[in-house]
Amino acid sequence: MSRIFQALVMIAVLSFGILLGSRLQNDSLGPVFGYQKKLFDVINLISSRYVDDVDPDSLAESGIKGMVESLDPHTVYLSQDKVSYSKAEFKGNFEGIGIEFDIIRDTLVVVAPLTGGPSQDAGIMAGDRILAIDSVSAIGIASSAVVASLRGEKGSSVHLDLYRPFSKRFLHLDVKRDRIPTYSIDASFLLDDRTGYIRLSRFVSTTSDEFVQSLSDLKSRGMKGLVVDLRGNPGGYLEEAVEIADEFLAPDSLIVYTKSRHGGPDEIKYRSTADGDYQSGPLVILVDRGSASAAEILAGALQDSRRAPVVGELTFGKGLVQRQFDLYDGSAIRLTIARYYTPLGRQIQRDYDNGARGREDYYEDHSSLLASESFFDDREDLAVATDVDGVRVYRTDAVSLGEVADSAAVKAFGGVGGIIPDFWVLDDRPGEYFVMLQEKGVIEETALAVLDDSASRVRELGGSLDLFLEKYAENQRVERYLEMVCRRKNMTIDALELEREKTRIMIAVKSRIARQLFGIGGQIRVLVEETDKVLLVAREQLYKEVL
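Going by the working numbering, the first residue of the sequence shown is number -19, and it counts up by one from there.
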């Protein structure tokens, strides 16, 4: 039997299962006819005539995956273990020991113990190597196996064998698992005495509560203007994005609405309430090609209402609504049921073709689209004067005062989908050599080598992020370890490229060290304060007249 025919059989079998399950859950099961009868016939044919035994579970998994791949790029099948993991992540907590980890050269490395978690209480430190988990070697372990081994029921214990390179000590610790909160706000601080900055990594069930708390804290410290950073935010719960938009918008403002071919409960309009902690005051939103879904909804709502300018790049263009339908065995299908539209009627979703090849093209086309600067060929009338060196900024007029269909942005960009920024920033991309250093793990291994070096002053600065930002300067040590790591990986050391990319490399290593000492917030603050030109452009616009 050909692979194509096998795939068709698998799809047929599972198509019936899902149709049947859907009818049993939602409607009375009607008469079986047409394509449903064909599915019954295929099942009987396989059962009675196929040459080999077929495992029903593997057939089911393959069939669902094949069927789902024939649909849009965002309809997905989740196996039972992925459903459990996804629920824990979006719920905003899980049970485990609370570490951020990485696997470097087959070694399990603690990037950072989560603040207030069991691992920190047990004395685990950034840079520790985990050699064994419950007496089972962790050398060469896969990321999924780490998660499975370290997560578990609250109150249960896990035994860890560790090595601490900078002090050359072996440690043996019993760590009691507990409930670990997962946060969606990676960083929240004042950029200066009046400008607040909040970075949102995703939208989970706790995001709006976290945001309100961060907003209140910044206001109490004298904040007069706010930058909300949605770069790299892949989305999440729609309701959380709506709650945050509500903090900024006047009462009864339309935030987003959905359309579905089924109508009814799948078509919803979301509006702001009378309550909001920052309905006036300077506000800017940062986006990039990684901002998607709920992040695009928030940016689009604030842009359409002219509450805040959007600065950065064209966003991903993910405007399809998924609803998760649980199957009998604990697996699930996350099925597209509707489309999102911004308040002025812009469709966020960009074009796509169905099927596996369509999915590949969907992501490849996005990258090539954003790599192109052809949007601005011969459009110097859109150029914006800026004091930020090394960048070009274009005012797109993404939302005109008239009809959206007549806006300069829609005409210029031809309905590419996503949220078109009001100020499109074209910054210099990292060179190929720098990208290679990142991809080969040279940056993170160099940072780890500095942390491991007992002669380095870096751990003396680990008690204060402000002190680290001000005092850390070990460029010669970083260069020495960088070359050592490159030689170990049999990589060519290009002295000219190293010199050309030196500033970017040093900041990247410093930010990685900050991540291990202070968590993700420390890394972001290093990058924001020392290299973020998009943020500099945004700050130029922040206190100008609101759009």
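Just so it is clear, CB atoms sit at the ideal spot from N, CA and C, and this is done for glycine as well.
If you're wondering where the values come from, they're calculated on a predicted model, not measured in any experiment.
Cβ neighbours of residue i in the same chain (closer than 8 Å, five flanking residues each side left out)
i    : result
V430 : S436, V438, E454, R457, V458, Y461, V489, I493
S59  : E41, S311
T175 : M203, K204, G205, L206, V207, R519, L522
V506 : L449, I487, K490, S491, A494
I313 : I(-2), I44, V48, T55, V56, Y57, L58, Q304, F305, L307
N334 : S50, L51, D52
Euclidean distance between Cα positions of residue i and residue j
i    : j    : result
V508 : L515 : 7 Å
G370 : R480 : 14 Å
G132 : R157 : 7 Å
Q496 : A106 : 5 Å
Q16  : N24  : 13 Å
I165 : G270 : 16 Å
R484 : D82  : 22 Å
Y452 : V368 : 25 Å
Y237 : H54  : 19 Å
V20  : I104 : In the sequence on display, residue 20 carries Phe and not Val. Near 57 Å, if we compare the C-alpha coordinates of I104 and F20.
Y342 : Y332 : 6 Å
R149 : I110 : 12 Å
D226 : L142 : 47 Å
G501 : A167 : 5 Å
V89  : L428 : 9 Å
S240 : R339 : 22 Å
K298 : R159 : 32 Å
M416 : G212 : 21 Å
Y308 : K62  : 15 Å
P214 : A112 : 34 Å
S123 : Y30  : 38 Å
F498 : L171 : 18 Å
D255 : T187 : 17 Å
R182 : A125 : 24 Å
Beta-carbon spacing of residue i, residue j below 7 Å
i    : j    : result
D361 : F146 : no
R251 : L278 : no
L263 : A230 : no
V127 : V138 : no
L218 : A274 : yes
R330 : G280 : no
D52  : T322 : no
A102 : L153 : yes
L180 : L210 : yes
L130 : I178 : no
E75  : K134 : yes
D407 : K482 : no
Cβ-based neighbour list, residue i, same chain, cut-off 6 Å, excluding 5 preceding and 5 following
i    : result
E424 : R492
T511 : I487
L447 : L441
S563 : In the structure as shown, the chain begins at -19 and stops at 527. Residue 563 is therefore absent and cannot be evaluated.
E276 : T295, I328, I399
R144 : D108
P529 : Nothing can be reported for residue 529: it is not among the residues displayed for the chain, which extend from -19 to 527.
K524 : none
D257 : L195, E227
Contacts around residue i, its chain only, beta-carbon distance under 7 Å, and the 5 residues preceding and following it disregarded
i    : result
T366 : V373, V517, E520
D474 : Y413
D86  : I119, G120
I84  : G421, E424, E425, L428
C466 : V422, I473
G292 : R211, L266, V267, D268, P401, V405, V514
Residues sharing a beta bridge with residue i, DSSP
i    : result
Y250 : V236
Y308 : Paired residues: none, contrary to the question.
P93  : I79
F169 : Y177
I277 : In the DSSP output, where bridge partners are listed per residue, I277 has none listed.
S117 : A112
V405 : V373
Q302 : T316
_What ranges does the alpha helix (DSSP H) occupy inside the segment 417 to 494, keeping only unbroken runs of at least 4 residues that lie completely in it?_
422 to 432, 445 to 451, 455 to 468, 475 to 480
*What are the uninterrupted segments assigned as beta strand (DSSP E) that are 3 or more residues long and contained completely in the segment 132 to 166, given in chain order?*
137 to 144, 149 to 156, 158 to 161
*asked:* Just to confirm the assignment: which complete beta strand (DSSP E) runs, minimum length 3, are found wholly within the segment 189 to 217?
replied: 205 to 209
*Complete runs of the beta strand (DSSP E) confined to the segment 30 to 65 [at least 3 residues]*: 56 to 58
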